[in-house]
Every structure is written in C-alpha cells, then in structure tokens.
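Novice: Can you read through this structure? Questions will come right after.
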Amino acid sequence: MVEKPLSQLNSGEKGRVVKVVGDPLLRRRLVAMGVVRGAEVIVVRRAPLGDPMELLLKGYYLSLRRNEAENVFVEVDGKQT
Amino acid sequence: MMVKVALIGNPNVGKTVIFNNLTRGREHVGNWPGTTVEKRVGRGKHKSVTMEIVDLPGLYELTASSIAELIARDYIVKENPDVVVNVVDASNIERNLYLTLLLLELEANVIVALNMWDVAESRGYGIDVKTLSELLGVPCIPTIAPKKVGIEELKDEIVRATQKRRVGGRPISYGDDVEMFIGKIETIILRDARLSKYPARWLAIKALEGDERALKTIEELAGPETLSEILSIVAESRSVLGGDPEVVLAERRYNVIRVILERAVRKREVKLILTDVLDEVFLNKYLGIPIFLAIMWTVFYFVFEVSEPFMKLLNEGFIMLGKLAGETKTPLASLWADGICSGLGFVLQFIFPIIFLYIALAILEQSGYLPRAAFLMDRIMYNVGLGGRSFIPMLLGFGCNVPAIMATRVIKDERDRLATILVIPLMSCAARLPVYVLIAGALFPEYAGTVVFSMYMLGIILAILVSLLARKLVPGLKGKPAPLLLELPPYRVPTLTAVLSFAWRRALVFLERAGTVLFAGALILWFLAYFPWGVEPGSGDSYAGLIGNTLQPIFSPLGFDSKLVTALVFGFWAKEVVIEALGILYGVEGEEEIRSVIAASVSPLTGLAYMAFVLIYVPCIATVAAVKKETLSWRWAAFLVAYQLTLAYAVALIIARLGSLL
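Chains as they are written, first to last, in our numbering: chain A, 4 to 84; chain B, 16 to 677.
Put into structure tokens, the structure is as follows:
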C-alpha cells in the first residue's frame, strides 16, 4: 500500500481516503461531500485542459481542482511509483 | 387549516419539479430578505388542508459559512415549519442522506421523498423503503417527480405528519467518545433558559463543530462565561478525538449512513449508464471543448439573433404608438412620444433576450450540462481569478451585458459572482460594435477589421487585469476563487413546462425590479436631450449638450472635443445612440455622411482613444440597473460606474499620449 495525494492519481486509478488536510473551510466542504476517511475514490478523468479532475465516490461524480485534491491523501494498491 | 411546509434537498435532486407538483404553478418568486438568493413560495391544497410551501435553496450541508445554508437553517429553527420535506436523490442516496441526518439533528419534522426512484432502479439500487423509514425514524416516500409518481402519497404523508408532530427522528449516535462531549455541552445549554428556543442537542453539536453562528448565539444569549466553558470542552474534545470535531462528526455521520444502507439497500452491479456514455463524448479530451463551443454558439444565436426581430418589432410598435400624439411640437406630445413610448419600448425590448436567455439556461441547467461547462472551462477561469461557472455569463456579455449579469445567478459563491458582475461590462457587447465599425471605418479604412478586433481583445485583457486586481484589492472580493467541489449530476431530459415557467417568471421579475430604474433613467435622458424646450433635440444647445460642453475640458487631454463628449453623455443611455448623437451634433444624416464628417474632423489617434473609451466606460443605464438588481446595492452599481469611468479615462489617456510620442 502506498499513500499519496489524490492529485497524483492517474485516470482509472482507485484509492481509499486516509486523511484530509488543509484549510478548515475546504476540509469541511470535502468531508460533507463524502470525502471522508475510508471512502473509496476512483479518478474518472481530467478535464481537457488538464485540470480539474473528475472523481467517482459514494456512487456520484465530483470534480475537484488539483490544488484541492492535493489535500486529500489516499492509499493506493500496488507498487511504489 | 394552513400548514407550513419547507422543501429542502441537495442541488440537482429534482426539488423544483416536486415543488411545482405540490403547488401546481401557484407560486411567488422573490428574494430572501437582504440577499439575492431566490425565494419561492407556493400554495397547494390537499384534503381540505392548505399548504404554504417554501422552497429552500439547494445545499449539501447546513454550516454558517454560506448564505444559502444560513437561510435554510434559520428558516427551520426560527420559522419552525410544520413539515420539512427532504427531497433525496434515491440514485445518489449515500451522499444525500448526509443532509437528512443534519435535518434530523435539527429536530425538524422530516419526511423523506426518495425522488428519481426510476433512476435509482436503473442504476441497480434496491431500496427497502420500510426498513429505511424505520432506521431513519421518519416516513420515506418513493417519488418520480416528472411523472407525478408518489406525489399523492407524499401529500397524504404531509397531512398526516402535521397532525402528529414528530420531533426529529431517531437520534443518531456518534459513538460514546463523541456523545460524551455532546452530552457535556448539552447539559450547559439546558441549564440556561435563554437558550431554550434552540434544540439543545443540535446547538451542542454545532458548538462542538465550532460553528461560528452557534457560538455567537450562545455568547449573546447566555454570556461569555458560558461560551468559554463550552469552548474549553471543545478544546478538550480535539485532543481526545484525535482531530477536529467537525471532521470526526462528519465521518461518524457517514458511518451511520453506511450502517443504514447496509441494512436497507441492495446494490446490483450495473455496467454502463447513459451518463457515463454521454460524458465519454461531452467531456472527451479532444471533443469536449469543440462541442462546448458549438453549444455556446447555439445559445448565443438563440439568445441574441432569434430575439432581435422581436426587439425591433416591439420598438417600432412603441414608436408608432408615440406618433399617435401627432407632431411632437409640444412638450407634452414629446414626453409621450420621445419620453414615455420610446422609453417603454427600450425597457420592454430587453424582455426578449432575457426570456430566451433563461430558456437556454434552464435547458443547460436541467439537462445537467451546466456543471460540465464549468468543469471544462474551470482551468482558464481559475487562472484569471474566477471559477468555471463564470464562463457562460462572461461569454453572454459579448451579446448584451444585461442578460449576462442576470446569468451570474449560476455562480454559487457570492464573491465569485460579484467579481464576475464587475468584469462583465468589459465584454464588448453588440451595441458597441456599430460605434467601432463607424469610427474605424472612417479613420482606418484599410485596417478597420483589425482595429475592431483589437477593441474586443482590449476588453478581454482589461477584464482579466481587473479581475486579478479586484481579487487582490477590493474589499468584499479579496481572496482566491471559492473551492470547486462541483457535482456532475446525471444527464436528464429537461421538462418543457418547467423550462418555460422558469423563463417567464424570471423575465417578469426583471421587469419589476430593473424596469422602473430603467424607465426613470430613460425619462431623465429624454429631458436632457429635449430641453430647454425648442432647441434641436440632442444638439449642443440642449441640457445634454450643455453637460458635454461643461465636461469637455476634463476630456481635452484625450483630444475629445465637446461634440464627442456630448455623444458620450448619450452613450449612457445605450451605446448605439452614440452614432445617432454624433449625427445630430454634426448636423448630418446617414452613416455615410457621419463617416466623412468624422474622417474630416477627428484624428486617427483621437478616434482610437474614443473607441477605447466607448468600450470601457459604463455600458449603458440598463446594465447599471441590472447590477443594482443583482447585487441589491447601489454601492456596487456606483463602484462599477466609478471604476469604469476611471479606467476608460486612463486607457484613453495612455493611447493619446503614447500615440503622440510616435
């Protein structure tokens, strides 16, 4: 298991949220939207211009900017990159 | 008997259609007091019970950090509605139930409408309604709003709920460690009778979460000692819980939801749903942006081109009406024809682009494409200090600034919305184009196209600079754009009646609010152009001409003579009037002649500075009225006028000075 910021995941990669850090307001919004410890997140795609990214979590699609996704740390299966 | 029913839910859950079903179109649209957040109130009747239904804003949570959320929670706590109908997207039940839990915490008399039941089924969700109702402790009703499925049952349940009022649902347990702290704070709150009008457990939870409004309420009602007692418990909880209580509580809520769903919902794997297929195309790396631009072109065409003949017709109609007064030789006849009729024609013509705009926006919003447009454009807009949702309003600005400013309603964050409103007038609207064409054609016949294009570019560059600067300097706008956290809801087919009723109501609201300001402005300008009575209207001898003459010295560094300045005064009314005014001032008629007069009397450099000034200074009185309406403040409208005049002057001066050095 490797821990890294959600912003570093590629499209199609899956991770499990381990912690959410950063600005309190952003963090509160994130947890209310279901980005909580233990939640499974799949990166669906990035926008054509490279940012923001689209995620699938808790059965719905959520989009976050890179600088927001940097505050979400996820555990990813598999090899060290 | 009259009962108060509040409707609440996440965005994109079909709450509006439920509202329409419950009220059957009898509704009133306005704003929540002191805000631009829309308030819809309607009436419905069921089994001799009259229901007053209030549609609360779409939201995900109930914090104190957003106006919409404060409105909703204040309404529930203070107005104490008899029933709160929580509209839940059954196909997205896990995240939707988060708000449900917050409402139960608030001890509201909740009924859950499990809307989009059909979508949930197609997505493989098997929801056991009875078990879910038992676990939540509140009635749950499956509904499919567009097909009116479950609406009668929902009404029955509303009536039943008003008769036997429940206080909240089953209390959610946050776990022993958290409950201990909630209990401690609750004891302190219960001790003080001054806090008794708030649900004690809810206030305790909010205090534990560090909610500013809750802490302030406690301080104001129970005094600073009680507050500091509570704050020390909050501080203690932080170390015991190993994290911020608000994050821990949110996690626990999702744990509760998981446990409920494990018992009440079976999920069957479904391969690909339509939304996934559509997004493969609409959000495609290569196709996404071209498709977006094509859609925007269509919207643009629809809003501006399709409405143009209607606008012309209406305007001409009012001119005909004005002629009923006969020859406009008396002040009264002129007031009728040139003041009232042409003023009404001017004001009312805006209704067409506005109706078409709202139809387009409603289709984009209800279909689910609007958030996708924000997703596609966010990167560009974020770099200029705004957010993805600002793109469409700004683009519409190239057509007409008035509907563009109305369209900023799609921007959820208040500061982002204000910043967007301030830069929209720099988007060169269609009314400014004839001015550029005329002057560039007269003074730069060889490169007229390039000159006109550069005016558009100048507007865009200035918009970027102003936006970046405003987010650094202007109080009320300072700071980074709001976090994106944008939900991409499933695509849906918009319902025709919802689209049309939305557009029609919004257009009427525009007329009510902006119409009066506009009409008054039109009459003032009429007076300035036609008085003192007997002068050639709009000429140098009229009051407007007098103003132009008086102001001229201020503009001499820019090279503008008094005719050019007087035409600018009329440009306040509408930019295309600048040409007409120049014609009158020079005493010539027809574009060809105005062109040759300008070529003879204005230097190319002055012409360039003049075009820049026309681009930048206040677009028109209708825009100012729209800004006033959408910001609810004369202060912002005045700020807009002031900054635009200053910027226009500065840019024109730079052009005049730089040019004279060459």
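Backbone N, C-alpha and C fix where the C-beta goes; we use that ideal spot for every residue, glycine too.
Could you tell me which whole alpha helix (DSSP H) segments of length 4 or greater appear in the segment 304 to 366 of chain B?
Specialist: For the segment 304 to 366 of chain B, whole alpha helix (DSSP H) runs of length 4 or above, ordered along the chain, are 322 to 338, 346 to 349 and 357 to 364.
Novice: Of all the CB atoms in chain A, is at least one closer than 7 Å to the CB of PRO260(B)?
Specialist: No - not a single Cβ of chain A is within 7 Å of the one on PRO260(B).
Novice: Residues in the same chain with beta-carbon distance under 6 Å from ILE670(B), minus the five sequence neighbours each way, listed in chain order, please.
Specialist: Correct list, in chain order: LEU623, ALA624 and ALA627.
Novice: Cβ of ALA422(B) within 7 Å of Cβ of GLU591(B)?
Specialist: Cβ distance not < 7 Å, so ALA422(B) and GLU591(B) don't count as in contact.
Novice: If we cut at 7 Å on Cβ distances, does GLY37(A) have a partner in chain B?
Specialist: Interface residue, yes.
Novice: Less than 7 Å between the beta carbons of ILE420(B) and ILE439(B), yes or no?
Specialist: The answer is yes: Cβ separation under 7 Å.
Novice: How many Å lie between MET131(B) and LYS145(B) at the Cα?
Specialist: One C-alpha to the other measures close to 18 Å.
Novice: Which residues of chain A have a Cβ atom closer than 8 Å to the Cβ of ALA265(B), listed in chain order?
Specialist: Ordered by position in chain A, the residues that pass the 8 Å Cβ test against ALA265(B) are ARG31, VAL34, ALA35 and VAL39.
Novice: At a CB distance below 9 Å, what residues from the segment 72 to 88 of chain B approach chain A? Give them in sequence order.
Specialist: Answer set for the segment 72 to 88 of chain B: TYR75, GLU76, THR78 and SER80.
Novice: Can you pull the chain A residues whose beta carbon is under 9 Å from the beta carbon of GLU502(B), in chain order?
Specialist: Those within 9 Å of GLU502(B) in chain A are MET36, TYR63, TYR64, LEU65 and SER66.
Novice: What residue does the alpha helix (DSSP H) around ASP171(B) start on, and which one ends it?
Specialist: 166 to 178 is the extent of the alpha helix (DSSP H) around ASP171(B).
Novice: Provide the residue span of the alpha helix (DSSP H) that contains LYS221(B), from first to last.
Specialist: Run containing LYS221(B): 215 to 223, per the alpha helix (DSSP H) assignment.
Novice: Using a beta-carbon distance below 7 Å, is GLU71(A) in contact with chain B?
Specialist: Yes, its Cβ sits closer than 7 Å to a Cβ of chain B.
Novice: Between the alpha carbons of LEU453(B) and TRP651(B), how many angstroms are there, rounded?
Specialist: Their backbone Cα atoms lie some 32 Å apart in a straight line.
Novice: Shortest alpha-carbon distance to LEU410(B) belongs to which of VAL69(B), TYR451(B) and PHE307(B)?
Specialist: Selected option, being the one with the closest Cα: PHE307(B).
Novice: Could you tell me which uninterrupted beta strand (DSSP E) segments, each at least 3 residues in length, are contained entirely in the segment 132 to 156 of chain B, listed from first to last along the chain?
Specialist: Runs of the beta strand (DSSP E) inside the segment 132 to 156 of chain B: 140 to 142.
Novice: Counting only beta-carbon separations shorter than 7 Å, does PHE315(B) have a partner in chain A?
Specialist: False, the Cβ-Cβ gap to chain A never drops below 7 Å.
Novice: With a threshold of 7 Å between beta-carbons, can LEU9(A) be considered close to chain B, or not?
Specialist: No, LEU9(A) does not count as interfacial toward chain B.
Novice: Between the segment 289 to 308 of chain B and chain A, which residues of the former have a C-beta closer than 7 Å to a C-beta of the latter?
Specialist: So the close ones are LEU298, LYS300, GLY303 and ILE304.
Novice: Just the C-alpha distance for LEU230(B) and ASP89(B), rounded to the nearest angstrom, thanks.
Specialist: Approximately 15 Å between the Cα atoms of the pair.
Novice: Can you give the beta carbon distance from TYR75(B) to SER106(B), rounded, assuming they're within the 8 Å contact cut?
Specialist: Between SER106(B) and TYR75(B) the Cβ distance is about 16 Å, and since that is not below 8 Å, they are no contact.
Novice: Where GLU320(B) and VAL417(B) are concerned, what is the direct C-alpha to C-alpha distance, given to the nearest angstrom?
Specialist: Taking the straight line joining both Cα atoms gives about 15 Å.
Novice: Name, please, each residue of chain A whose Cβ falls closer than 7 Å to the Cβ of PRO498(B).
Specialist: Within 7 Å Cβ-Cβ: LEU29, ARG32 and GLU71.
Novice: Can you tell me whether DSSP reads GLY49(B) as helix, strand or coil?
Specialist: In this structure, GLY49(B) counts as coil in the three-state DSSP scheme.
Novice: Assuming MET470(B) and LEU660(B) are in contact, meaning their beta carbons sit under 8 Å apart, how far apart are those beta carbons, in whole angstroms?
Specialist: Wrong, their Cβ atoms sit about 18 Å apart, outside the cutoff.
Novice: By Cβ distance below 8 Å, which residues in the same chain neighbour GLY456(B) in space, the five residues on each side in sequence not counted?
Specialist: So the list reads ALA463 and ARG610, once near-sequence residues are dropped.
Novice: Report yes or no: do three or more beta-carbon pairs, one from the segment 159 to 177 of chain B and one from the segment 531 to 546 of chain B, lie closer than 8 Å?
Specialist: Flag = no, the segment 159 to 177 of chain B and the segment 531 to 546 of chain B do not touch.
Novice: Which residues in chain A sit within 9 Å of ASP393(B), going by Cβ to Cβ distance?
Specialist: Chain A residues near ASP393(B): ALA50, LEU52, ASP54, PRO55, SER66 and ARG68.
Novice: For THR84(A), does the three-state DSSP call read helix, strand or coil?
Specialist: Any reading at THR84(A) must be qualified, since the residue scores a pLDDT of 48, below 50, and its modelled position is unreliable; no value is offered.
Novice: If you drop the 5 nearest sequence neighbours on each side, which residues of the same chain put their C-beta closer than 8 Å to that of LEU673(B)?
Specialist: Nothing meets the Cβ criterion.
Novice: Let's test the definition: count the other Cβ atoms within 10 Å of the Cβ of ARG180(B) and tell me whether it reaches 16, buried, or not, exposed.
Specialist: It counts as exposed.
Novice: So ARG268(B) packs on LEU116(B), CB below 8 Å; how close in whole Å?
Specialist: Their Cβ separation, rounded to whole angstroms, is 5 Å, which keeps ARG268(B) and LEU116(B) in contact under 8 Å.
Novice: Taking 6 Å as the limit between beta carbons, can you name the residues of its chain near GLU284(B), skipping five residues before and five after?
Specialist: No residues qualify anywhere along the chain.
Novice: Name the chain A residues that come within less than 7 Å of ASN107(B), Cβ to Cβ?
Specialist: In chain order: GLY62 and TYR63.
Novice: Pull the bridge partners of MET56(A) from the DSSP assignment, please.
Specialist: Beta-bridge pairing links MET56(A) to ARG49(A) and LEU67(A).
Novice: Just how far apart, CA to CA, sit LEU655(B) and LYS212(B)?
Specialist: When rounded, the distance between both Cα atoms is 43 Å.
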